[in-house]
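Engineer: Numbering (our numbering), first residue to last: 9 to 274.
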């Protein structure tokens, strides 16, 4: 853990809080933090390694594998980084969330912004650490028999890195894939609620709300060394760099998985 005075120095001033263009509410974030710390410390028992690779000041782009049907992985990455080095990680979320006002408001108050190029640039240009899941929705929608097999990365983060000069920090998450073992997707039902799909697991919807509880797996989060991307001259080059980054994150995930002895105990 870093010294308290340094942690406090990394937090926004009162003026910065009022000026946040995307609605980050530090007071609200502090109020909900105990729930996420309990999930982090007690429920999923997250072990973070590699925090030393995070720059103390932004901008920086964190790219991670995506899984778990619901975005608990993003919440745990943000919580782990906050606990380790006292940094508020901003994040992007899919546009369909804007159609669900309570969720949209919650995401904005805790540091999120709708996933658009302009929003991402604005967050990076103001010195933020920005979390991006380049797999997008296909990452969280993987069936259980394809867990930890990363989907292709969208090249948007590579273009952002080239345009803003932000370093790209690879992040691997292990444990989220098993919290909701997806065996099917109800896409028609999902669309009726403004969502891409509703996940079907061995427990949901069979067990109702009880079946919607995520399983208490053991999590590991690994932060890798900053990556140096080549010049992004065109879309072909951007996709090539995204492919390199995907292979890096996949290798990190695979190493964590090979070292794990148990899904629930690590």
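Beta carbons are placed, not taken as given, at the ideal position from N, Cα and C, and that holds for glycine.
May I have the straight-line CA-CA distance separating residue 117 from residue 32, to the nearest angstrom?
Structural biologist: Taking the first residue of the chain shown as 1, we reach residue 117 at position 109. Taking the first residue of the chain shown as 1, we reach residue 32 at position 24. Rounded to the nearest angstrom, the two C-alpha atoms are 4 Å apart.
Engineer: Could you tell me the boundaries of the alpha helix (DSSP H) in which residue 168 lies?
Structural biologist: Numbered from its first residue, the chain shown carries residue 168 at position 160. Note, residue 168: alpha helix (DSSP H), 164-172.
Engineer: With residue 240 and residue 69 assumed to form a contact (beta carbons below 8 Å), what rounded beta-carbon distance in angstroms separates them?
Structural biologist: As a first step, residue 240 is located in the chain shown; it is residue number 232 there, counting from the start. As a first step, residue 69 is located in the chain shown; it is residue number 61 there, counting from the start. With a Cβ gap of about 13 Å, residue 240 and residue 69 do not count as contacting.
Engineer: Evaluate residue 43 with the Cβ neighbour count: other Cβ atoms within 10 Å of its Cβ, from every protein chain shown; 16 or more gives buried, anything less gives exposed.
Structural biologist: The residue labelled residue 43 in the question sits at position 35 within the chain shown. With fewer than 16 other Cβ atoms within 10 Å, it is exposed.
Engineer: Flag this pair as touching only if the region 118-135 and the region 49-63 have three or more C-beta atom pairs under 8 Å; answer yes or no.
Structural biologist: no
Engineer: Can you check the region 107-141 for any beta strand (DSSP E) of at least 3 residues that lies completely inside it and give the ranges in chain order?
Structural biologist: You should have 120-122 and 137-140.
Engineer: I think residue 265 touches residue 139, with their Cβ atoms under 8 Å apart; what is that distance to the nearest whole Å?
Structural biologist: Start at 1 with the first residue of the chain shown, and residue 265 comes out as number 257. Start at 1 with the first residue of the chain shown, and residue 139 comes out as number 131. With 8 Å as the limit, residue 265 and residue 139 do not qualify as a contact, their Cβ atoms being about 21 Å apart.
Engineer: Please determine if the region 154-162 and the region 87-97 are in contact, where contact requires at least 3 C-beta pairs separated by less than 8 Å.
Structural biologist: The region 154-162 vs the region 87-97: no contact.
Engineer: Report the three-state DSSP secondary structure of residue 101 (helix, strand or coil).
Structural biologist: As a working note, residue 101 is residue 93 in the chain shown. Residue state, collapsed to three classes: strand.
Engineer: Residue 52 and residue 225 look like a contact to me (Cβ under 8 Å); what is the Cβ gap, rounded to whole Å?
Structural biologist: Residue mapping note: residue 52 aligns to position 44 of the chain shown, counting from 1. Residue mapping note: residue 225 aligns to position 217 of the chain shown, counting from 1. Yes, residue 52 and residue 225 are in contact; Cβ-Cβ is about 6 Å, under 8 Å.
Engineer: My understanding is that residue 179 touches residue 137, with C-beta atoms under 8 Å, so please give their C-beta distance in whole angstroms.
Structural biologist: Translated into positions along the chain shown, residue 179 becomes position 171. Translated into positions along the chain shown, residue 137 becomes position 129. That pair is no contact at about 11 Å.
Engineer: Out of 45, 269 and 268, which one is the CA nearest neighbour of residue 91?
Structural biologist: As a position in the chain shown, residue 91 is number 83, starting the count at 1. For the residues 45, 269 and 268, the minimum Cα distance to residue 91 belongs to 45.
Engineer: Considering residue 261, what are the terminal residues of the beta strand (DSSP E) in which it resides?
Structural biologist: Counted from its first residue, the chain shown places residue 261 at position 253. Not the beta strand (DSSP E): residue 261 falls in the alpha helix (DSSP H), residues 243-267.
Engineer: For residue 102 and residue 83, what's the separation of their Cα atoms in angstroms?
Structural biologist: Here residue 102 corresponds to residue number 94 of the chain shown, with the count starting at 1. Here residue 83 corresponds to residue number 75 of the chain shown, with the count starting at 1. Distance between the alpha carbons of residue 102 and residue 83: 15 Å.
Engineer: Thinking C-beta only, is residue 188 closer than 8 Å to residue 47?
Structural biologist: Residue numbering aside, residue 47 sits at position 39 when the chain shown is read from its first letter. Residue numbering aside, residue 188 sits at position 180 when the chain shown is read from its first letter. Going by C-beta atoms, residue 47 is not nearer than 8 Å to residue 188.
Engineer: Express the C-alpha separation of residue 234 and residue 62 in angstroms, rounding to a whole number.
Structural biologist: As a working mapping, residue 62 is identified with position 54 in the chain shown. As a working mapping, residue 234 is identified with position 226 in the chain shown. Our two residues, residue 62 and residue 234, have alpha carbons roughly 8 Å apart in a direct line.
Engineer: In the DSSP assignment, find the unbroken beta strand (DSSP E) run with residue 1 in it and report its ends.
Structural biologist: Look at the range of the chain in this structure, 9 to 274, and you will see that residue 1 is not part of it.
Engineer: Quick check on residue 70: does DSSP put it in helix, strand or coil?
Structural biologist: Here residue 70 corresponds to residue number 62 of the chain shown, with the count starting at 1. In the displayed model, residue 70 falls within a strand according to three-state DSSP.
Engineer: For residue 273, does the count of other Cβ atoms within 10 angstroms reach 16, so buried, or fall short, so exposed?
Structural biologist: Position 265 of the chain shown holds residue 273. When all chains shown are included, residue 273 counts as exposed.
Engineer: Just mark residue 24 as buried or exposed, buried being the case when its beta carbon has 16 or more other beta carbons within 10 Å.
Structural biologist: As a working mapping, residue 24 is identified with position 16 in the chain shown. Note on residue 24: pLDDT 47, under 50, position unreliable in the model; the coordinate value appears next. So residue 24 counts as exposed.
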